DNA sequence: CTGCTGCTACGGTGACGACCGAAGCATTTG
DNA sequence: CAAATGCTTCGGTCGTCACCGTAGCAGCAG
């Protein structure tokens, strides 16, 4: 196997606790500076810089200079996908390990958060459930499809389905989505093109707001109303 | 993030070259002994034993005792999926790295091999292409669906679609598949329930044979004929 | 029983790498 | 200009872990 060394290299980079911390912080798709990432991982800036250099050199991250700041983000969606799949294995193995203290911050994360480019947590799961219940979506552990009714529904509530139309499958006229297993809820929710569009539109329309500097998502009163009236759901 | 430590632990285990070697060897779903795995990784049996103990303790592998042999295999499909996603990142990053000598064994792997439970390599890609061309399958990077015609086709050539019917989605009546990106061909091929069924049936019907102790797959003359006549494809 | 094989437990060695302090470069601010 | 901020490079220390030699334990053959 030619790529064995590179495989090990990638996995080893993800395998260090400090680097894992930083990668997690980047999972929501934002770009963060070296100092911010150092703080998240609990290490000195010099150390973080070294880690970031390595990951960038290998191509897992990309850097964007802006003044005296350097913003780091995940290089590709497949890196995010890899991280999710590792989280999946980590979550379902060793269930006997203690699942300990849920601080207030964790509570917010459990309620609603972003997962690279889509919603996760109870919000993500509830949205997916609501779409399924109304016949707008079909979802299994392997894949998902948006029905014609679902596409009309999204149009109705103001979500641009242009990019989706461009990627309809030839005969079915349906849009394919990607399911994503939630580590806190252990339930499927919606990723892929459709999940991304819903997430983006929710922020643009003011239904949700990013909470300070975390992945946690706050649902605004307006969002509460929309989710209740249009999707028919109520987040506890 | 509660699961950060476990995340790092899982990734670190996959990140050692010797362990990565062993995991790759197990990717086809077979169960191998500690000695075999040691030989593959190029290390002493004692060392391999230690590695296997660790991975088993964490739950990535399962062990089956049989006389004085102990057979190791990947614990779950999600472990295999994780390995694939890491391979994906490893393959698409650092394209400037030398992609060096392709021995005869690599050539066989490139032509046709198993990828956990389905076909990959040129065979896998060609099969997916043929199914798509005849309108039996629709595939994007996010998901795939089997058309009604596709299901009839599979029935015709002797592939049991019972398990698939059981997992039809409610309204569409179609079977959802999982796409899998090939590290050698860099093209999508077919995984998931349908990919698995095709692979299994190919071995049972004598269309293909496992090559000695590797992941490489040999296409029998009978298989050549079937693939040509039924699928309309010719593997170079 | 003795000998053989497959595997695992233990101890010591050696190497790699994560970490931080100190120093240096680039950019913005006063 | 000088001072401050964000970041990186360099050196040295320390802990961890992969590795193998030796030894010991199970299953099988004669």
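Protein chains in written order, with the working numbering: chain V, 1 to 236; chain H, 237 to 472. Glycine is no exception: its CB is placed at the ideal position from the N, C-alpha and C atoms. Since we're looking at a predicted model, the values are computed, not measured.
* Asked: Going along chain V in order, which residues have a C-beta closer than 7 Å to the C-beta of residue 257 of chain H?
  -> 4
* Asked: Just how far apart, CA to CA, sit residue 376 of chain H and residue 176 of chain V?
  -> 8 Å
* Can you tell me the Cβ-Cβ gap for residue 167 of chain V and residue 193 of chain V, rounded? I've got them flagged as a contact below 8 Å. => 7 Å
* Interface residues of chain H around residue 43 of chain V at Cβ under 9 Å? -> Result: empty, since nearest Cβ-Cβ is about 13 Å, beyond 9 Å.
* Asked: Can you round the beta-carbon distance between residue 55 of chain V and residue 325 of chain H to whole angstroms, since I take them to be within the 8 Å contact cut?
  -> At roughly 11 Å, the Cβ-Cβ gap does not stay under 8 Å, so residue 55 of chain V and residue 325 of chain H are not in contact.
* **Counted within 10 angstroms of its Cβ, other Cβ atoms place residue 280 of chain H as buried (16 or more) or exposed** => Burial call: exposed.
* residue 79 of chain V versus chain H: which residues are under 8 Å apart at the beta carbon? -> For residue 79 of chain V, the neighbours in chain H by C-beta distance under 8 Å run, in chain order, 325.
* Asked: When you compare only the Cα positions, how much space is there between residue 1 of chain V and residue 451 of chain H?
  -> Confidence is the limiting factor: at residue 1 of chain V the pLDDT is only 46, short of 50, which leaves the residue's position unreliable, though a coordinate-based value still follows. Cα to Cα, the separation comes out at about 10 Å.
* To do: Please state if the CB of residue 34 of chain V and the CB of residue 18 of chain V are separated by a distance shorter than 7 Å.
  => no
* Asked: Which partner residues of residue 351 of chain H appear in the DSSP bridge assignment?
  -> H:354
* To do: On a CA-only basis, which of V:191, V:6, V:39 and V:206 is nearest residue 124 of chain V? Give me that one, please.
  => V:191
* How many whole angstroms separate the CB atoms of residue 274 of chain H and residue 14 of chain V, which I take to be in contact at a CB cut-off of 8 Å? -> Contact doesn't hold; Cβ gap of about 25 Å is too wide.
* Is DSSP giving residue 253 of chain H helix, strand or coil here? -> helix
* Residues that residue 262 of chain H contacts on chain V, provided the C-beta gap is smaller than 7 Å -> What residue 262 of chain H touches in chain V: nothing, since even the nearest Cβ is about 12 Å away.
* chain H beta carbons: is any one of them nearer than 7 Å to that of residue 10 of chain V? -> yes
* Asked: Under the three-state reduction of DSSP, which class applies to residue 198 of chain V: helix, strand or coil?
  -> helix
* Smallest Cα separation from residue 368 of chain H: which of H:328, H:305, H:378 and H:467? -> Among H:328, H:305, H:378 and H:467, the Cα nearest to that of residue 368 of chain H is on H:467.
* **Collapsed DSSP secondary structure at residue 378 of chain H in the structure displayed** => coil
* **Where residue 317 of chain H sits in the DSSP three-state scheme** => Residue state, collapsed to three classes: helix.
* To do: Closer than 8 Å by beta-carbon distance: list the chain H residues that pair up with residue 199 of chain V, in chain order.
  => Correct list: empty, because the minimum Cβ distance to chain H is about 15 Å.
* Asked: If you drop the 5 nearest sequence neighbours on each side, which residues of the same chain put their C-beta closer than 6 Å to that of residue 101 of chain V?
  -> In this prediction, residue 101 of chain V scores a pLDDT of 37, lower than 50, which makes its location untrustworthy; no coordinate-derived value is stated.
* To do: Could you tell me whether any Cβ in chain V is nearer than 7 Å to the Cβ of residue 395 of chain H?
  => no
* Does the beta-carbon distance from residue 69 of chain V to residue 195 of chain V come in below 7 Å? -> no
* Backbone CA spacing between residue 103 of chain V and residue 63 of chain V [nearest angstrom] -> Confidence is the limiting factor: at residue 103 of chain V the pLDDT is only 43, short of 50, which leaves the residue's position unreliable and the question unanswerable from this model.
* Considering only C-alpha positions, which residue in the set V:221, V:77, V:61 and V:109 is nearest to residue 121 of chain V? -> When the alpha-carbon of residue 121 of chain V is set against those of V:221, V:77, V:61 and V:109, the nearest one is in V:109.
* To do: Count the other CB atoms, across all protein chains shown, that sit within 10 Å of the CB of residue 397 of chain H; report buried if there are 16 or more and exposed otherwise.
  => Classified as buried, residue 397 of chain H has 16 or more neighbouring CB atoms from the shown chains inside 10 Å of its CB.
* Step through the CB atoms of chain H and report whether any lies within less than 7 Å of the CB of residue 36 of chain V. => Cβ-Cβ to chain H under 7 Å: no for residue 36 of chain V.
* Residues near residue 285 of chain H in its chain [Cβ-Cβ closer than 6 Å; skip 5 each side] -> If the five residues before and after residue 285 of chain H are omitted, its C-beta is found closer than 6 Å to the C-beta atoms of 270, all from its own chain and listed in chain order.
* Sequence-distant residues of the same chain with beta carbon closer than 7 Å to residue 462 of chain H, five excluded per side -> 443
* Cut-off 8 Å between Cβ atoms - residues of its own chain near residue 198 of chain V, not counting five sequence neighbours on either side -> Cβ-Cβ distances below 8 Å link residue 198 of chain V to 118, 119, 127, 154, 159 and 190 in the same chain, with the five nearest sequence neighbours on each side left out; the list follows chain order.
* Asked: What's the C-alpha gap between residue 136 of chain V and residue 374 of chain H?
  -> 20 Å
* To the nearest angstrom, how far is it from the Cα of residue 78 of chain V to the Cα of residue 321 of chain H? -> If you take the alpha carbons of residue 78 of chain V and residue 321 of chain H, they lie about 7 Å apart.
* To do: Per DSSP, which residues does residue 415 of chain H bridge with? Please list them.
  => In the DSSP output, where bridge partners are listed per residue, residue 415 of chain H has H:426.
* **Residue interval of the alpha helix (DSSP H) (run including residue 289 of chain H)** => 281-294
* To do: Have a look at the DSSP bridge pairing and note the partners of residue 33 of chain V.
  => V:71
* To do: Alpha carbon to alpha carbon, how far is residue 21 of chain V from residue 152 of chain V? Give it in angstroms, no decimals.
  => 40 Å
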